[in-house]
Amino acid sequence: MSDTFKPGTDDVQILQREQCFSGFYRLERLQLRHRLFSGEMGAQIERELFVRHDAVCVLPYDPRRDEVVLIEQFRTGALDKADNPWLIELVAGLIDKDEQPEEVARREAMEEAGLELGALWPVCRYFPSPGGSNEQVHLYVGRCDSEGAEGIFGLPEEGEDIKVHVWSVERALAAVRDGKIDNAASIIALQWLALNRDEVRGAWS
Numbered sequence: 001m002s003d004t005f006k007p008g009t010d011d012v013q014i015l016q017r018e019q020c021f022s023g024f025y026r027l028e029r030l031q032l033r034h035r036l037f038s039g040e041m042g043a044q045i046e047r048e049l050f051v052r053h054d055a056v057c058v059l060p061y062d063p064r065r066d067e068v069v070l071i072e073q074f075r076t077g078a079l080d081k082a083d084n085p086w087l088i089e090l091v092a093g094l095i096d097k098d099e100q101p102e103e104v105a106r107r108e109a110m111e112e113a114g115l116e117l118g119a120l121w122p123v124c125r126y127f128p129s130p131g132g133s134n135e136q137v138h139l140y141v142g143r144c145d146s147e148g149a150e151g152i153f154g155l156p157e158e159g160e161d162i163k164v165h166v167w168s169v170e171r172a173l174a175a176v177r178d179g180k181i182d183n184a185a186s187i188i189a190l191q192w193l194a195l196n197r198d199e200v201r202g203a204w205s
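Just so you know, we're using this note's numbering here: the sequence shown kicks off at 1 and counts up by one.
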């Protein structure tokens, strides 16, 4: 293996790209080759790619009360693999073409939880499943006032039925530890908050 080889996009050859399905999401089939760590080009391989909009997830956090606002909703993807397909999650939404991630965070916080967010703290951007999807997630912690945050929200025309929960940070972290919160964005955001809580509270107090 060559120690000097540093792979990049120029080391991938797309030989054919076929659209297999197009709806709210899109499925493509790619024939491609990529350079190996030996420095040689590899053999042709076939991969299917789930193409979807990038997403924004935000954890509303009240630094004064040390509470987070989480939402609960039914998720089809958990139907066959979870005891309960109603998941505890972050506020989240997909990015439309002309939107900035921060705009999506604020819009979704109002639509899904009735919350007006203050400052947004960028946590990270990550690929939740890069082996088969091109989706990238923009993750934030958003300052909020959690007092009185409750109710059922969501857009009925989009089939949304969302329940708001206000939890102490300690309760939320315990839910991560016990496996009651089992989706990636929520786990990452809450673990990040656990590591950076003092800094965030200091900046937002």
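Here a beta-carbon is modelled for each residue, glycine too, at the ideal position from N, C-alpha and C.
Because the structure is a prediction, the values reported are computed rather than measured.
Could you please give the first and the last residue of the uninterrupted beta strand (DSSP E) stretch that includes residue i?
i, result
"Asp62", "Ala55 to Asp62"
"Arg17", "Val12 to Ser22"
"Leu27", "Arg26 to His34"
Leaving aside the five residues before and after residue i along the sequence, list all residues of the same chain whose C-beta is less than 6 Å from its C-beta, in chain order.
i, result
"Asp66", "Val169"
"Glu48", "Arg29"
"Glu160", "Gly154"
Going by CA-CA distance only, name the one from the options that's closest to residue i.
i, options, result
"Gly151", "Asp178, Val51, Gln73 and Phe50", "Gln73"
"Glu18", "Pro7, Ile88 and Arg26", "Arg26"
Leaving out five residues on either side along the sequence, give the residues of the same chain with a beta carbon under 7 Å from the beta carbon of residue i.
i, result
"Asp145", "Asp62"
"Trp5", "The sequence shown places Phe at residue 5, not Trp. Answer for Phe5: Phe37 and Gly39, listed in chain order."
"Trp121", "Tyr140, Val141 and Val200"
"Ile14", "Leu30 and Leu32"
By DSSP, does residue i sit in helix, in strand, or in coil?
i, result
"Gly202", "helix"
"Pro122", "strand"
"Leu106", "Contrary to the premise, residue 106 reads as Arg rather than Leu in this sequence. Three-state result, Arg106: helix."
"Glu160", "coil"
"Ile45", "strand"
"Met1", "Because Met1 sits at a pLDDT of 48, beneath the cut-off of 50, its placement in the model cannot be relied upon, and the point is left open."
Have a look at the DSSP bridge pairing and note the partners of residue i.
i, result
"Glu89", "Ile71"
"Phe153", "Ile162"
Using C-beta distances below 8 Å, list every residue in its chain close to residue i, excluding the 5 sequence neighbours before and after it, in chain order.
i, result
"Met1", "For Met1, the predicted structure reports a pLDDT of 48, less than 50, and the residue's modelled location is therefore unreliable. A value from the coordinates is still provided. The answer, listed in chain order, is Phe37 and Ser38."
"Gln136", "Asp54, Ala55, Arg125, Tyr126 and Phe127"
"Leu193", "Leu59, Tyr61, Val68, Val141, Val169 and Val200"
Just to confirm the assignment, what range does the alpha helix (DSSP H) spanning residue i have?
i, result
"Arg177", "Val169 to Arg177"
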